[in-house]
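Here the structure comes first, spelled out in structure tokens, and everything after it is commentary.
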Amino acid sequence: MKNKLVFLLLIASLLLNIYFFGKWFLFNQWFEATTEESIILSEMILKTVESEDYLALREREKIIAIEPDINKFNGGVFPFYMEVSVRTEQQTYLFSCSNKQCSSMKNEGWSYSFYEEEKPRLPFQNTD
């Protein structure tokens, strides 16, 4: 009886370790930023807000949110697997580094914005 219990605990422990390692290996390491990458993404947000593309966008549309993103799964080299999403009511604009030194940011693409059909998620009263 005692041997069966120890064996079951060993199997359960082994399965949990395999699960957590697999989750880290398949998902977390590719889509979650390390501490150093988080700092770099924060600096990329500042460069995005200072970029010419962002300033032109700010004049045309109402900016709702800015969010950094990382996706190492797509391939590419540092820092091109990092981007900053600028969400507006019409679209989400994707900003990435213009060169390997990331001296400036530029609008590299766009995608759907859920704000086109929904209101902002925060329950604050609109002050416009």
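Residues 6 to 133, numbered by my numbering, are exactly what the sequence shown covers, in order.
C-beta: ideal position from N, C-alpha, C; glycine also.
All of these numbers come straight from a predicted model, not from anything done at the bench.
| Item | Value |
| --- | --- |
| First and last residue of the uninterrupted alpha helix (DSSP H) at K105 | Element bounds for K105: n/a, residue is neither H nor E. |
| Any 3 or more C-beta pairs closer than 8 Å across the region 43–59 and the region 106–116 | yes |
| Sufficient close CB pairs (3 or more, under 8 Å) joining the region 60–67 to the region 36–46 | no |
| CB-CB length for S101 against F85, believed under 8 Å | 6 Å |
| DSSP three-state assignment for M6, whether helix, strand or coil | coil |
| M87, buried or exposed, once every other Cβ within 10 Å from all chains shown has been counted against 16 | buried |
| Pairwise C-alpha distance: K105 and Y98 | 20 Å |
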